[in-house]
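S.K.: Protein sequences appear in the order of chains A and B. Yeah, the first sequence ends on 245 if you go by this note's numbering, and it's all consecutive. Yeah, the second sequence ends on 136 if you go by this note's numbering, and it's all consecutive.
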Amino acid sequence: MYCYLYDEYIQENKRFERELLKIENRLTDLGIAGKVSRLALFRNAEEMIRDEIDHGVSTIVVVGNDETIRKVIDVVADNDVVLGIIPIGPNNELARMMGIPEGVAACDVLSARRVEKIDVGTVNGRRFVTGVMMPNFHAEITCEDKFRVTSVARQAELEIRNLADVTDPRDGRFEAVIRSVVKKGWGIFGRTQLMESILPLSSMAIRSEKPISLFVDGEEMRSTRFDIGIEPLLLKVITGKARVF
Amino acid sequence: MFKDKHKSDMPSSASGETIIAQGVRVEGDFHSQGDVVIDGEVAGTVQTQGALVVGETAKIHADVKAKSAVVAGEVVGNIFATEILELLATSHVKGDIVTGRISVAAGAQVNGRVSMGEEATAGRGKKAAVEEQETT
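(1) Closer than 7 Å, Cβ to Cβ, to anything on chain A: give me those residues from the region 44-66 of chain B, in chain order.
(2) Counting contacts by CB-CB distance shorter than 9 Å, is Ala95(A) in contact with chain B?
(3) Using a threshold of 9 Å, state whether the C-beta atoms of Ala62(B) and Phe80(B) are closer than that.
(4) Does DSSP put Lys14(A) in a helix, in a strand, or in coil?
(5) Return yes when the Cβ of Val182(A) is within less than 9 Å of the Cβ of Ile198(A), no when it is not.
(6) Can you find the residues in the same chain that come closer than 6 Å, C-beta to C-beta, to Asp9(B), ignoring five residues on each side of it along the sequence?
(7) Output needed in chain order: residues of the region 141-153 of chain A with a Cβ under 7 Å from some Cβ in chain B.
(8) Interface residues of chain B around Glu251(A) at Cβ under 8 Å?
(9) Run through the region 73-125 of chain A for me and flag every whole alpha helix (DSSP H) of 4 or more residues, listed as ranges in chain order.
(10) Under 9 Å, Cβ to Cβ, is there at least one residue of chain B near Met195(A)?
(11) Check whether the Cβ atoms of Met48(A) and Val237(A) sit closer than 9 Å, and answer yes or no.
(12) In chain order, which continuous runs of the alpha helix (DSSP H) of length 4 or greater are located wholly inside the region 168-230 of chain A?
(13) For a test of the three-state rule: what should DSSP assign to Arg50(A), helix, strand or coil?
(14) Can you list, in chain order, the residues of the region 17-31 of chain B whose Cβ is nearer than 8 Å to any Cβ on chain A?
(15) Where DSSP assigns a beta bridge to Asn111(B), which residues make up the other side?
(16) Where do the ends of the beta strand (DSSP E) carrying Phe245(A) lie?
(17) On the CB-based measure, 16 or more other CB atoms within 10 Å of its CB, does Pro211(A) come out buried or exposed?
(18) Counting only Cβ pairs nearer than 7 Å, list the residues of chain A close to Gly95(B).
(19) Taking CB distances under 9 Å as the criterion, tell me whether Gly34(B) reaches chain A.
(20) Within the 9 Å Cβ cut-off, does Val216(A) reach chain B?
(21) Could you give the residue range of the beta strand (DSSP E) that holds Gly28(B)?
(22) Is there at least one Cβ from chain A nearer than 9 Å to Gly77(B)'s Cβ?
(23) Please compile the residues from chain B whose C-beta is within a distance smaller than 9 Å of the C-beta of Ala156(A).
(24) Counting only Cβ pairs nearer than 7 Å, list the residues of chain B close to Val182(A).
(25) Closest to Val82(A) by C-alpha separation, out of Gly56(A), Ala105(A) and Arg38(A), would be which residue?
(26) Alpha carbon to alpha carbon, how far is Gly89(A) from Tyr9(A)? Give it in angstroms, no decimals.
(27) Along the beta strand (DSSP E) that carries Glu17(B), what are the first and last residues, could you check?
(28) Check whether the region 17-30 of chain B and the region 41-51 of chain B are in contact - that is, three or more C-beta pairs closer than 8 Å.
(29) Ile32(A): which of Glu46(A), Met1(A), Glu52(A) and Gln11(A) sits nearest, CA to CA?
(30) Taking a Cβ distance cut-off of 8 Å, strictly less, list which residues of the region 197-226 of chain A are near chain B, in chain order.
(31) Taking 9 Å as the threshold (beta carbon to beta carbon), is Glu119(B) in contact with chain A?
(32) Since Leu52(B) is in the beta strand (DSSP E), which residue starts that stretch and which ends it?
(33) For chain B, check one thing: does any of its Cβ atoms lie closer than 9 Å to the Cβ of Leu234(A)?
(34) Counting only the same chain and skipping the five closest in sequence on each side, list residues whose C-beta sits under 6 Å from that of Leu52(B).
(35) Taking 9 Å as the cut-off, decide whether the C-beta atoms of Val149(A) and Arg25(B) are in contact.
(36) Output needed for Leu39(A): all residues of its chain with C-beta closer than 6 Å, excluding positions within five of it in sequence on either side, in chain order.
As structure tokens, then:
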């Protein structure tokens, strides 16, 4: 049984009305129409989904964007239900990587129901699917409790990738990528070069004396310590043929 | 600073390859299952079941153990390469070497004992196994 979760911005914006109508008609034609739940300012998405799961729903389809998926990721992963996506509007990077086309074309991908299990990352207990960014990386990281990594360059950034164009989100590991700006040559003849380190890991800890910012799937978290891990093959997602992994 | 980099240009370690580039320092027991490329600084121990490439800019102060190794940078510590060790012209090694086969380019600097052949690698392997048993 399918449950379609409409994000708030879709209901408020009139330009999506026609697209929604087309989607609803296509879902009916394909025989996969289901209950529609609408997100609203004071409605808790997780509670809504839990109610639907209690009533026998086995597939939650998010009609929205990456932000909508973030709202439901915890409850979907915890309850062993399948996540589907119908991307509408901007900011749909996750759907692109899953190989799901925008709008009404996504209905056919849903109907084909190609389910993949993917890893989910965690930062201080908060789950993420795509990755984590630290634009100013000046902290010490301890990898798998065995070795420490620091940047000796003046400028560096840290990216942790679970699902990206070049990574496989089914390998039980994430990639920590450190990009450092290194100066080569002397004085005015010196030029800077971007060097990229890549470490496939299953856990890491970031420690800093001062609070630092980390962007988890685009959302900011601020702390002096971050514990990052991976939950292998936790999330069941409907994917298209054009997926990146 | 970093935004002009296209996603399609991003290197990946899909095969499990680890890259420690210039500008990064690693301290501790660094163990890997796949291939490892080091151009940065490492202190502690380095161990991989795959191939190890030590670039010209690398500074390694560690005992190194790998299936095969190509060294172009500085290694202060013992090197144990089961299959083959290749020392390029820019390499500086201060430490003992145990390997199945070796290739040394003109200009490479080695300060230490070199043991070669199957007996040497097997003997080193047995010694390591005994040491592991003693510690457990």
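Ideal placement from N, C-alpha and C gives every residue a C-beta, glycine not left out.
M.R.: Per the coordinate set shown:
(1) Gly44
(2) no
(3) no
(4) helix
(5) no
(6) Model confidence at Asp9(B) stands at a pLDDT of 42, short of 50, so the residue's coordinates are unreliable and nothing is read from them.
(7) Lys146, Phe147, Arg148, Val149, Thr150, Ser151, Val152 and Ala153
(8) Coverage of chain A is limited to positions 1 through 245, which leaves residue 251(A) absent and any answer about it impossible.
(9) When DSSP assignments are scanned along the region 73-125 of chain A, the uninterrupted stretches of alpha helix (DSSP H) that are 4 or more residues long and fall wholly within it turn out to be 93-97 and 106-112.
(10) yes
(11) no
(12) none
(13) helix
(14) For the region 17-31 of chain B, which is checked against every Cβ of chain A, the residues closer than 8 Å are Glu17, Thr18, Ile19, Ile20, Ala21, Gln22, Gly23, Val24, Arg25, Val26, Glu27, Gly28, Asp29, Phe30 and His31.
(15) Lys94(B)
(16) Note, Phe245(A): premise wrong, no beta strand (DSSP E); not H, not E.
(17) exposed
(18) Simply none; closest approach about 20 Å.
(19) yes
(20) Using a Cβ-Cβ cut-off of 9 Å, Val216(A) does not count as an interface residue toward chain B, since no Cβ of chain B sits closer than that to its own.
(21) Val24 to Ser32
(22) no
(23) Gly23 and Val24
(24) Chain B residues near Val182(A): Gln22 and Gly23.
(25) Gly56(A)
(26) 9 Å
(27) Element bounds for Glu17(B): n/a, residue is neither H nor E.
(28) With the cut-off at 8 Å, the region 17-30 of chain B and the region 41-51 of chain B touch.
(29) Met1(A)
(30) Those would be Ser197, Ile198, Leu199 and Pro200, in chain order.
(31) Cβ-Cβ to chain A under 9 Å: no for Glu119(B).
(32) Ala51 to Val54
(33) The Cβ of Leu234(A) sits no closer than 9 Å to any Cβ of chain B.
(34) Val36, Ala66 and Ala69
(35) yes
(36) Asp7, Glu8 and Ala45
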